[in-house]
Amino acid sequence: MAEFTMELNDEQKEVRDWLHGFAADVIRPAAAEWDEREETPWPVIQEAAKVGIYSLDFYAQQYFDATGLGIPMAMEELFWGDAGIALSIVGTGLAAVGVLANGTEEQIGTWIPQMYGDVNDVKVAAFCSSEPDAGSDVASMRTRAVYDEAKDEWVLNGTKTWATNGGIANVHVVVAVVDPELGSKGHASFIIPPNTPGLSQGQKFQKHGIRASHTAEVVLEDVRVPGSCLLGGKEKLDERLARAREKAKKGGERVKNAAMATFEASRPAVGAMAVGTARAAYEVALDYAKTREQFGRPIIDNQGVAFQLADMRTQIDAARLLVWRASWMGVNGKPFTAAEGSMSKLFASETAKKVTAQAIQILGGNGYTREYPVERMHRDAAIYTIFEGTSEIQRLVIARTLSGMPIR
Ligand SMILES: Cc1cc2nc3c(=O)[nH]c(=O)nc-3n(C[C@H](O)[C@H](O)[C@H](O)COP(=O)(O)OP(=O)(O)OC[C@H]3O[C@@H](n4cnc5c(N)ncnc54)[C@H](O)[C@@H]3O)c2cc1C
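Here our numbering is used: the first residue of the sequence shown is 24, the next is one more, and so on.
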């Protein structure tokens, strides 16, 4: 187990500087254009693939970094560049992690390369869990997967919504109900291979922020996939379902939900994205406050402005510390006894919303225009308190974990 550290080692610093260079030179200059176009920035993804940032190797290297700082450091730098473009770059990694975490070696080897494609023909992947009637309430999921034993195929029907890269992905990972009696314990994940008949894109959403990232409905109509597309395999699923049925029969026994532990470990990554956006807006505001003059002096000469910047930076640093702690805990298998993963996501996402709003205020009229990036950063920041569990759901998880009570 790695000791918790608040300092990046030399190798991590090198990676951070490299990522920062890419964010500053390639992502940041493209941000306004792709925000306006509201389209997937394929040329930027391709650039990222060329230098090795858009690849499983890079993602896995950060993911398995024992200090836990690899993923938060990478997310912070890329999202510092621009949140919409960065999500287009890391969205595939989020789907790939679902396969890495639950798939067999064969599934990992077969599907993850197809999620990324290659430098000359980059592809993206999507993770589809949310549904129109199942957002925060995942147990209400309706998309059904039924096993056709004669053909060793699974048949999927349902509608997914809000899927990042949904419909444009080469590979979709879809969560579906295999046993409706078991609530969220009766869910399983499936790979939907490229060009599978029956999968189509529904509505593409026009969004408030992260507009370079594609978000859409995914419709599944009699989608047939081979048995080998069930993540983890049938034997493992049958064992898991049998255990869940046994526990359900005993009744009343609280079953520790493995999915909750997975969420605790993945939420700090979203916290780190929020830290990146907040830091970007803070830096713009600090520069502006030092150079903009009113009443014959820089506006930062006023405590009313300077103290805002002091608070912004303090909150950003506090958010990063919570993110790093939770990420270290996740990588090293420490139990999240106070829902530290949710804490980090809650605090960092709320910080990003607050800090980007303050940045607009410090830039005055300029802050409110698209001539300056803080307006876009503020729109982008709003997503962090919504996806991967809203702020209210984070508070619910924290309160339940602390109290042991079924707080509603
Ligand atoms: C841009 C974007 C990208 C996304 N990408 C993906 C993706 O790739 N894959 C995917 O599967 N999903 C994705 N999502 C979906 C996202 O995870 C959901 O939007 C989120 O979980 C919230 O669900 P909901 O939108 O249905 O809101 P709801 O669950 O309907 O919540 C509405 C409001 O009610 C509050 N609320 C709900 N229940 C409670 C409660 N018990 N106590 C207190 N308050 C409560 C919520 O906090 C929220 O404020 C994405 C969403 C967006 C906007």
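Note that beta-carbon positions come from the ideal geometry of N, C-alpha and C, so glycine has one too. These figures come from a predicted structure and were not determined experimentally.
- Assignment of Q331 by DSSP, reduced to helix, strand and coil, places it in the helix class.
- Pairing T379 with A304 gives a Cβ-Cβ distance under 7 Å.
- Apart from the 5 residues on each side of it in sequence, I68 sits with its Cβ closer than 8 Å to the Cβ of Y77, S111, I112, V145, V147 in its chain, given in chain order.
- Considered as a whole, the region 116-150 harbours 128-139 as its complete alpha helix (DSSP H) runs of no fewer than 4 residues, in chain order.
- In this chain, the alpha helix (DSSP H) harbouring T424 covers 414-426.
- Three or more Cβ pairs drawn from the region 237-251 and the region 171-188 lie within less than 8 Å of each other, which places the two stretches in contact.
- Annotated three-state conformation of G181 is strand, per DSSP.
- For H195, the enclosing beta strand (DSSP E) has its first and last residue at 194-200.
- One alpha carbon belongs to K368, the other to L386, and they sit about 27 Å apart.
- For I50 and R266, the gap between their C-alpha atoms comes out near 47 Å.
- Looking at the DSSP output, A168 shares a beta bridge with L179.
- Taking the Cβ of S251 as the reference point, every heavy atom of ligand 1 lies at 6 Å or farther away.
- Shown here for V74: same chain residues with a beta carbon closer than 7 Å to its own, the five before and five after excluded, namely F45 in chain order.
- Comparing C-alpha distances from G209 to each of V198, P217, T219 shows the shortest one belongs to V198.
- Rounded to whole angstroms, the gap between the alpha carbons of A106 and A404 is 8 Å.
- Residue pairing from DSSP leaves P64 without any beta-bridge partner.
- Not a single heavy atom of ligand 1 lies less than 6 Å from the C-beta of E287.
- Within the region 37-61, complete alpha helix (DSSP H) segments of at least 4 residues are found at 51-60, given in chain order.
- No heavy atom of ligand 1 is found nearer than 6 Å to the CB of S365.
- For V196, same chain residues with a beta-carbon under 8 Å away, outside a window of 5 residues either side, are A118, G121, V122, A148, A149, F150, C151, S212, F213, I214, I215, L254 in chain order.
- If you draw a straight line from the Cα of Q317 to the Cα of A97, it comes to about 38 Å.
- Residue pairing by DSSP puts L243 in a beta bridge opposite G181, L222.
- The residue among D175, V201, D80, V298 with its C-alpha nearest the C-alpha of I131 is D80.
- Distance from the CA atom of T115 to the CA atom of N325, rounded to whole angstroms, is 45 Å.
- Going by DSSP, F370 is part of no beta strand (DSSP E) but of the alpha helix (DSSP H) stretching over 363-390.
- Annotation for S372: A297, Y407, T408 place their beta carbon closer than 6 Å to its own, counting only its chain and skipping 5 residues before and after.
- In terms of Cβ geometry, A25 and A71 do not form a close pair [threshold 7 Å].
- Taking a 10 Å sphere around the C-beta of D58, we find 16 or more other C-beta atoms and assign the residue as buried.
- The closest CA to that of N218, considering only E204, T238, V194, is found on V194.
- The residue among Y391, H231, V241 with its C-alpha nearest the C-alpha of P220 is V241.
- Per DSSP, F81 is one residue of the alpha helix (DSSP H) stretching across 79-86.
- Using a Cβ distance threshold of 7 Å, A235 and K227 do not count as a contacting pair.
- Per DSSP, the unbroken alpha helix (DSSP H) holding A404 starts and ends at 397-404.
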